[in-house]
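Participant: Here's a structure for you.
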Amino acid sequence: MKIIVVAPPAYPVSPKTGGSVEISLYQIAHRVSTIHQVTILSRNKNKLPPITKKGQFTIVRFPKKEKYINQMISFTGKNEFDIIQVENRPAFVVPLRKKFPHKKILLVLHSLTFMKKLKKELQTEIIKKTDAILCNSEFIRNEYMNIFPAVAHKFHTIYLGADLDRFRPPSLEEKLKERKKYSVEDSFNVLFAGRIIPGKGVHLLVKAVGTLKNKYPYIKLILIGPCLNKNYRTLLEQEGKNAGIDIRFIGSIEPSDMHRMYWLGDCFVLPTQFHEAFGLVNIEAMASGLPVIASNRGGVPEILHSESGILIEDYQNEEAFRQAIEQIIRFPSQRREMEKIGLDRAQHFSWENAAQRYCHFYEQLIIST
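As structure tokens, then:
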């Protein structure tokens with residue numbers, strides 16, 4: 008079977024580049040390519056080669072000199088394929104269907120964002136012209152099924168995963184080495200990973216850690232990820248300064264190095280205010296042996312439950328996060344049990360499992376009428 012995967016144009020696809028969408032499609036596609044021929048179409052940046060090929064796995068990167076959709080259609084029209092898989096850009100479906108009226112088109116939705124930006128009439132047309140739609144959580148699937156009940160049968164769920172060979176508990180030597188690199192070896196480290204924006208609730212986490220400083224002077228806050236809003240960073244820094252806490256802004260980390268960042272933490276907190284579609288960072292944290300605290304939003308409870316972590320119902324209240332962090336500090340035996348159950352839970356979410364489910368789905372899609 009020959010599959011063309013259309014990546015979003017925002018970031019190039021490679022083992023070392025991209026956001027969560029690009030990471031997940033790369034990790035799944037190159038595993039699927041052990042069985043089927045997979046070609047990813049992507050935008051080129053960072054001076055990456057225009058074509059990367061290994062066995063049945065190919066990445067074609069288009070230069071930013073003409074419209075991305077035109078480049079995709081031109082390439083696809085010159086090559087044989089069985090399925091076009093569109094990743095998180097539903098607007099691409101209509102022009103692709105117009106050009107390839109009899110081919111299978113699969114839309115993969117990683118969030119509610121890009122569909123909601125479109126007019127309802129266009130959303131309806133997109134779903135009509137798509138053979139099937141994959142969502143990365145039951146939360147996303149149910150949201151769309153409620154909006155489009157007449158075509159609810161088109162929506163399906165396949166969970167994402169993590170590279171469990173890399174995202175794993177560190178040895179004592181690995182842990183100390185990484186912590187010494189950032190001078191956080193003698194502290195209790197609260198870790199956050201993701202975009203540092205108000206919607207992720209990072210300001211609530213700063214306040215929660217700040218209220219624990221007097222009681223636990225060895226506590227530190229480590230923030231992994233980009234903070235593009237200078238005003239928001241200034242706000243966080245001032246809040247931290249007022250509370251007397253040490254905030255470490257690590258910045259963006261290449262996907263290939265991200266697993267080591269979890270070794271800096273003693274607990275992981277995702278205080279998101281969004282309806283999180285899936286929350287891949289929670290799996291990565293659990294697989295790395297960390298107890299996890301997260302807002303009970305969106306698809307998060309499909310990954311995290313009361314035994315493998317702490318779900319925060321009152322997610323707009325920093326006090327709820329403070330109590331959860333203190334619970335982990337005060338009760339080490341409970342923390343160890345949470346780490347063990349979380350680690351076991353994370354084993355269900357591997358990229359290998361996700362790739363197997365994709366292969367099965369492709370086979371069903373091809374034989375469907």
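According to our numbering, the sequence shown is numbered sequentially starting from 8.
Even glycine gets a Cβ: it sits at the ideal position worked out from N, Cα and C.
Because the structure is a prediction, the values reported are computed rather than measured.
(1) Would you mind listing the beta strand (DSSP E) stretches within the stretch 92 to 154 that are 3+ residues and don't spill past its ends, in chain order?
(2) Just to confirm the assignment, what range does the beta strand (DSSP E) spanning histidine 163 have?
(3) Select from Thr83, Gly62 and Asn51 the residue whose C-alpha is nearest the C-alpha of lysine 72.
(4) Taking the alpha-carbon positions, what's the proline 278 to isoleucine 300 distance?
(5) Buried or exposed: which applies to leucine 114, given that a residue is buried once 16 or more other Cβ atoms fall within 10 Å of its Cβ?
(6) Rounded to whole angstroms, what's the CA-CA distance from arginine 364 to methionine 152? Just pull it up for me.
(7) Beta carbon of glycine 16, beta carbon of tyrosine 75: below 8 Å?
(8) Using only the alpha-carbon positions, how far apart do leucine 311 and asparagine 289 sit?
(9) For glycine 84, which three-state DSSP category applies?
(10) Please report the straight-line C-alpha distance between alanine 14 and histidine 160, rounded to a whole angstrom.
(11) Starting from the C-beta of aspartate 89, find all residues in its chain whose C-beta is less than 7 Å away, skip the five residues before and the five after it, and write them out in chain order.
(12) Measure the C-alpha to C-alpha separation of valine 67 and alanine 98 and round it to an integer number of angstroms.
(13) Would you report the Cα separation of isoleucine 332 and arginine 342, rounded to the nearest angstrom?
(14) Relative to the C-alpha of asparagine 53, which candidate in Leu219, Arg202 and Gly25 has its C-alpha closest?
(15) List the endpoints of the continuous beta strand (DSSP E) containing cysteine 274.
(16) Where does glutamine 354 fall in DSSP's three states?
(17) Cα-Cα, which of Ile47, Ala157, Arg329 and Gly168 is closest to phenylalanine 285?
(18) Which whole-angstrom value is the C-beta distance of phenylalanine 368 and histidine 163, which I expect to be below 8 Å?
(19) On the CB-based measure, 16 or more other CB atoms within 10 Å of its CB, does glycine 296 come out buried or exposed?
(20) Alpha helix (DSSP H) containing alanine 331: first to last residue?
(21) In terms of residues, what are the limits of the alpha helix (DSSP H) holding valine 191?
(22) Quick check: what's the CA-CA separation for leucine 171 versus alanine 292?
(23) Is it buried or exposed for serine 40, if we count other Cβ within 10 angstroms and need 16 for buried?
(24) Over the uninterrupted alpha helix (DSSP H) stretch that includes arginine 267, give me the two end residues.
(25) Can you name the start and end residues of the beta strand (DSSP E) that glutamine 44 belongs to?
(26) Arginine 240 lies in the beta strand (DSSP E); which residues open and close that run?
(27) Starting from glutamate 171, follow the alpha helix (DSSP H) in both directions and report where the run begins and ends.
(28) Taking the alpha-carbon of valine 216 as reference, which of Ile254, Glu132, Arg148 and Glu359 has the nearest alpha-carbon?
(29) Touching or not, the stretch 235 to 250 and the stretch 258 to 272, by the rule of three or more beta carbon pairs under 8 Å?
(30) Quick check: the Cα distance between leucine 235 and histidine 210, rounded to an integer number of angstroms?
(31) Over the uninterrupted beta strand (DSSP E) stretch that includes glycine 258, give me the two end residues.
(32) Can you check which of these residues, Gly206, Leu350, Asn303 and Val100, is closest to leucine 318 by C-alpha distance?
(33) Can you give the Cα-Cα distance for serine 31 and glutamine 330, rounded to whole angstroms?
(34) Assess, as a yes-or-no matter, whether the stretch 195 to 202 is touched by the stretch 221 to 231 under the definition of 3 or more beta carbon pairs within less than 8 Å.
(35) Expressed to the nearest angstrom, what Euclidean distance is found between the alpha-carbon atoms of proline 205 and arginine 240?
Facilitator: Judging by the given coordinates:
(1) 111 to 116 and 139 to 142
(2) Locating residue 163 in the sequence shown gives position 156, where the first residue counts as 1. Annotation: the continuous beta strand (DSSP E) that includes histidine 163 extends over 162 to 164.
(3) Residue numbering aside, residue 72 sits at position 65 when the sequence shown is read from its first letter. The option with the nearest alpha carbon to lysine 72 is Asn51.
(4) As a working mapping, residue 278 is identified with position 271 in the sequence shown. As a working mapping, residue 300 is identified with position 293 in the sequence shown. Roughly 8 Å between the two C-alpha positions.
(5) Working through the sequence shown from its first residue, we reach residue 114 at position 107. Buried.
(6) Counted from its first residue, the sequence shown places residue 364 at position 357. Counted from its first residue, the sequence shown places residue 152 at position 145. So the alpha carbons of these two residues sit roughly 21 Å apart.
(7) Counting from 1 along the sequence shown, the entry for residue 16 is found at position 9. Counting from 1 along the sequence shown, the entry for residue 75 is found at position 68. A small correction: the amino acid at residue 16 is proline; glycine does not occupy that position in the sequence shown. Yes, the Cβ-Cβ distance between proline 16 and tyrosine 75 is below 8 Å.
(8) The count along the sequence shown starts at 1 and reaches residue 311 at position 304. The count along the sequence shown starts at 1 and reaches residue 289 at position 282. Annotation: leucine 311 to asparagine 289 spans about 8 Å, alpha carbon to alpha carbon.
(9) As a working mapping, residue 84 is identified with position 77 in the sequence shown. The answer is helix: DSSP assigns glycine 84 an H, G or I state.
(10) Indexing the sequence shown from 1 puts residue 14 at position 7. Indexing the sequence shown from 1 puts residue 160 at position 153. In a straight line, the C-alpha of alanine 14 is about 25 Å away from that of histidine 160.
(11) Counting from 1 along the sequence shown, the entry for residue 89 is found at position 82. So the qualifying residues of the chain are Met8, Lys9, Ile10, Lys111 and Ile373.
(12) Mapped onto the sequence shown, residue 67 falls at position 60. Mapped onto the sequence shown, residue 98 falls at position 91. Cα to Cα, valine 67 sits roughly 21 Å from alanine 98.
(13) Reading the sequence shown from its first residue, position 325 is the one you call residue 332. Reading the sequence shown from its first residue, position 335 is the one you call residue 342. Roughly 10 Å between the two C-alpha positions.
(14) For the purposes of this step, residue 53 is taken as residue 46 along the sequence shown, with counting starting at 1. Of the candidates Leu219, Arg202 and Gly25, the one whose C-alpha sits nearest the C-alpha of asparagine 53 is Gly25.
(15) Translated into the one-based positions of the sequence shown, residue 274 becomes position 267. Start and end: 274 to 277.
(16) Reading the sequence shown from its first residue, position 347 is the one you call residue 354. Coil at glutamine 354, not helix or strand.
(17) Stepping through the sequence shown from its first residue, residue 285 is reached at position 278. Minimum Cα distance to phenylalanine 285 is reached at Gly168.
(18) Against the sequence shown, residue 368 aligns to sequence position 361. Against the sequence shown, residue 163 aligns to sequence position 156. About 7 Å separates the two Cβ atoms, so the contact holds.
(19) Sequence index remark: in the sequence shown, residue 296 carries index 289 (1-based). With 16 or more Cβ atoms within 10 Å of its Cβ, glycine 296 is classed as buried.
(20) For the purposes of this step, residue 331 is taken as residue 324 along the sequence shown, with counting starting at 1. Segment 325 to 337, the alpha helix (DSSP H) holding alanine 331.
(21) Here residue 191 refers to the residue found at position 184 of the sequence shown. First-last for valine 191: undefined, no H or E at that position.
(22) As a working mapping, residue 171 is identified with position 164 in the sequence shown. As a working mapping, residue 292 is identified with position 285 in the sequence shown. Going by the C-alpha atoms only, they are around 11 Å apart.
(23) For the purposes of this step, residue 40 is taken as the residue at position 33 of the sequence shown. Residue burial is scored here from C-beta neighbours: serine 40 has at least 16 other C-beta atoms within 10 angstroms and is therefore classed as buried.
(24) Indexing the sequence shown from 1 puts residue 267 at position 260. Boundaries of the alpha helix (DSSP H) around arginine 267: 265 to 268.
(25) The residue labelled residue 44 in the question sits at position 37 within the sequence shown. Its beta strand (DSSP E) spans residues 44 to 50.
(26) Within the sequence shown, residue 240 is the residue found at index 233, counting from 1. Run containing arginine 240: none in the beta strand (DSSP E); it sits in the alpha helix (DSSP H), 237 to 250.
(27) Residue mapping note: residue 171 aligns to position 164 of the sequence shown, counting from 1. Sequence check: residue 171 is leucine here, not glutamate. First-last for leucine 171: undefined, no H or E at that position.
(28) Within the sequence shown, the letter at position 209 stands for residue 216. Checking every option, the nearest Cα to that of valine 216 belongs to Ile254.
(29) No: the two stretches stay apart, fewer than three of their Cβ pairs being nearer than 8 Å.
(30) What you label residue 235 is simply residue 228 of the sequence shown in a count that begins at 1. What you label residue 210 is simply residue 203 of the sequence shown in a count that begins at 1. Approximately 15 Å, taken between the alpha carbons.
(31) Counting from one through the sequence shown, the residue named residue 258 turns up at place 251. Taken as a continuous stretch (DSSP letters only), the beta strand (DSSP E) holding glycine 258 covers 253 to 258.
(32) Residue 318 sits at position 311 when you count from the first residue of the sequence shown. The option with the nearest alpha carbon to leucine 318 is Asn303.
(33) Here residue 31 is taken as the residue at index 24 of the sequence shown, counted from 1. Here residue 330 is taken as the residue at index 323 of the sequence shown, counted from 1. Distance between the alpha carbons of serine 31 and glutamine 330: 33 Å.
(34) Taking 8 Å as the limit for Cβ pairs, the verdict is that the stretch 195 to 202 does touch the stretch 221 to 231.
(35) The residue labelled residue 205 in the question sits at position 198 within the sequence shown. The residue labelled residue 240 in the question sits at position 233 within the sequence shown. Looking at the two C-alpha atoms, the distance is approximately 10 Å.
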